[in-house]
Every structure is written in structure tokens, then in C-alpha cells.
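First up is the structure itself, then whatever we jot down about it.
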Amino acid sequence: MTDRVIQIEVASPLEVFGPADVFLTQMQNMYPKLKIVARGEFLKLFGDIDEITRFENRFDLLQVHFERFGKINEEAISQIMGDDENDVVAGQPLGEDILVFGRYGKVIKAMTPNQKKMVSSSVNNELVFAIGPAGTGKTYTAVALAVRALKNKEVRKIILTRPAIEAGESLGFLPGDMKEKLDPYMQPLYDALRDMLPTQKFLSYLEDETIEIAPLAFMRGRTLSNVYAILDEAQNATEGQLKMFLTRMGKSSKFIVTGDITQIDLPRKQQSGLFQAQNILKGINGIDFIYLDGGDVVRHKLVTKIIEAYSKTEDQSS
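My numbering puts the sequence shown at residues 3 to 320.
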């Protein structure tokens, strides 16, 4: 058995070990072959030399992470101290799957094969359609791509839009001013952005309109140049509305259209523009269609089973 002492150099023991040593316990559980003893600003490791070396190398990266983001949490420990060499090294992404570092250093990356196809397709095409059921991460991945482009100064602005009427509710009969009426429909977009940007930066971007979140109707008559534009819930856009949005594209812009063609809330007489676009636009150079399915669900494991159950019922009734 070998022993080695590691010094905490960039943070206080409380910040590294967590309240009531919760982070230290997490690290011990991740390295069951080692005995880890904390003494003030020092860690003493007992165990196999290879395991000690692996822990020491990862712990160095954890300290680099703290220097960069000023915070350590359970997710960071899991990603940095774990076995996956592709998660985080020295606070820098390894490979193209990692899109951005979110709040508190959270690693945001494409998690599934079809999400990775979205990322790859967005690099090679100006217009990408991401079609799939709820919970497959299509909106979240699209927003992450937009935030990455903004941070890399590839675009000057992000525009996020949705059809203003969903689930049969008319805005005219809802209480409150326009912003109060629209915010509930836009909430998933706000949630994704808050996950990826510091609060003050997010609010600043909204105030100076570096990030614009607006209903689809507000896009009419505009030319969207040097922007990353996302149309979410596009299954609830009519053919005319979708055509209007797509023809707003100006120079140096990227567009992503996301939607679920199994959850169309339009009146029966109106056909989904997203459904029609699959036939109209397929095969055009610069346009790509990515399809996500139950295998891409990153929510609770029950969501996958729910989607599969409904799919079976729909197949039987058709």
C-alpha cells in the first residue's frame, strides 16, 4: 500500500469538501479502492499507486475548474473526477460534443447520437430541422448551439421564437399585458438560457436585445442577418407562417427549426407547416432534417416508456 499527500491550493477546504464533507464523501464513493483522509488543507491518500495517481491527476483538474469558475458542485465532481476522459480536462472541452460551459461550470454537451447529429449538421448547413417527441433535447441543444455561436462571436444576436398560440388557448382571452401573456409560452426558452448564462449576463443580453425572445408573428417584414434564429414548437406554425419565418434569413445567419409532428395543436382545418416542409424542402443543399426519437430522451426514464406507449397506440389506430 502506498500513501501520498495532496495540498488544496486554490480554494478553502470547505469549498472543496463541501458542507458536512458532502463532496469529500462523493469522491470517496467514486474511488472505493482508496482511503481518503482530510486534514485541514491536505488530503492523504492510501491505496494502489495507479489509483492514487489517477485521483491526483483528476483532483488537479478539479482545482483548475475552481480557478476558472469559482465554484465546485456535485455535477462538476462527477464529471471531472469520474472515468470519462471526454468530459472535462483543465476546464476546456475535449471534442466537439461539448457546446458550452453553463452556470457554475456546468458542462453542456450533446448527449445522444441524434443530438450529436444536430451539432454536426448545424456546422455544415444554414438551416436545420430537428424533429422529435418531447424530452429528446432538441430545443435545449438548439439553444446551446446558439449560445456557443454568440460566445464565439460567430453571430451578433440570438432570436428565439415560437407560435404564440398553443394547446388551444387564445392570447386575447388571457389576462395581463402582452409580455405577461407571452412569457408562459416562452418559458422553456428562458429556462434553457438561464441554465447556460450567468444571471446578470442573461438579463443584460435581454435588455440590449442581444437575445430576443418573441412570438413568430413579430418576425414578419424583417431581414435577420448575422443572427442565430430558432423557431421552437414549429409543428404549430401554418405553412404560411413557416415560409414567412424561413424567408427572413439574411446573410451570415443560421436557422434551426424544432418541433414534434405528433403534438400538433392547430385547428383541424389547418395543416402543420412543419409537416409539409419535410416534403417541400428535403434535398435542398444547405438544408438538413434530423429526426430524434425515444432513444434521445434525457428526462426521467419514464418519459421514454410514455412516448413508446403512445407511439404504439397511434400506430394501431392508423
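We put the CB at the ideal spot given by N, CA and C, even for glycine.
Three-state class that DSSP yields for residue i in the structure shown
i	result
M113	coil
D193	helix
I213	strand
I79	helix
R1	The structure shown does not extend to residue 1, since the chain is modelled only from 3 through 320, so no value can be given for it.
I10	coil
M3	coil
A239	coil
A136	coil
S123	helix
Distance cut-off 6 angstroms: residue i Cβ against heavy atoms of the ligand NAP
i	result
V39	The ligand content of the structure shown is nil, which means the ligand NAP is not present either.
Buried/exposed call for residue i, threshold 16 Cβ in 10 Å
i	result
I282	exposed
T225	exposed
T306	buried
D52	exposed
L304	exposed
V149	buried
Q189	exposed
L84	Residue identity differs from the one stated: residue 84 is Gly in this sequence, not Leu. Looking at its Cβ environment, which holds fewer than 16 other Cβ atoms inside 10 Å, G84 is exposed.
Q117	buried
F103	buried
G275	buried
T4	exposed
F61	buried
Assumed close pair residue i, residue j - CB separation to whole angstroms, cut-off 8 angstroms
i	j	result
G139	D295	Rounded, the Cβ-Cβ distance is 12 angstroms, inconsistent with contact.
F257	E128	7 angstroms
N228	S254	4 angstroms
P15	A40	7 angstroms
From the options, residue whose alpha carbon lies closest to that of residue i
i	options	result
E17	I74, M246 and Q243	I74
D197	T55, L101, D290 and I133	L101
G261	T212, A236 and T143	A236
G223	Y207, D210, Q81 and G252	G252
L268	I10, I289, L248 and N238	N238
A13	G42, S274 and I54	G42
Q119	L208, V130 and I110	Note that residue 119 corresponds to Lys in the displayed sequence, not to Gln. It is V130.
S122	P135, A144, G137 and V109	A144
A311	I79, F291, L195 and P135	P135
M32	I79, E156 and M221	I79
* Asked: Quick check: the stretch 213 to 230 against the stretch 159 to 167, are there 3 or more CB pairs under 8 angstroms?
  -> The stretch 213 to 230 and the stretch 159 to 167 touch, with no fewer than 3 CB-CB distances between them shorter than 8 angstroms.
* Mind the definition here: the stretch 222 to 241 touches the stretch 195 to 212 only if three or more C-beta pairs lie below 8 angstroms; say whether that holds. => The stretch 195 to 212 and the stretch 222 to 241 do not touch, with fewer than three beta-carbon pairs separated by less than 8 angstroms.
* **Segment contact, 8 angstroms Cβ cut-off, at least three pairs: the stretch 239 to 255 with the stretch 269 to 280** => Segments in contact, yes.
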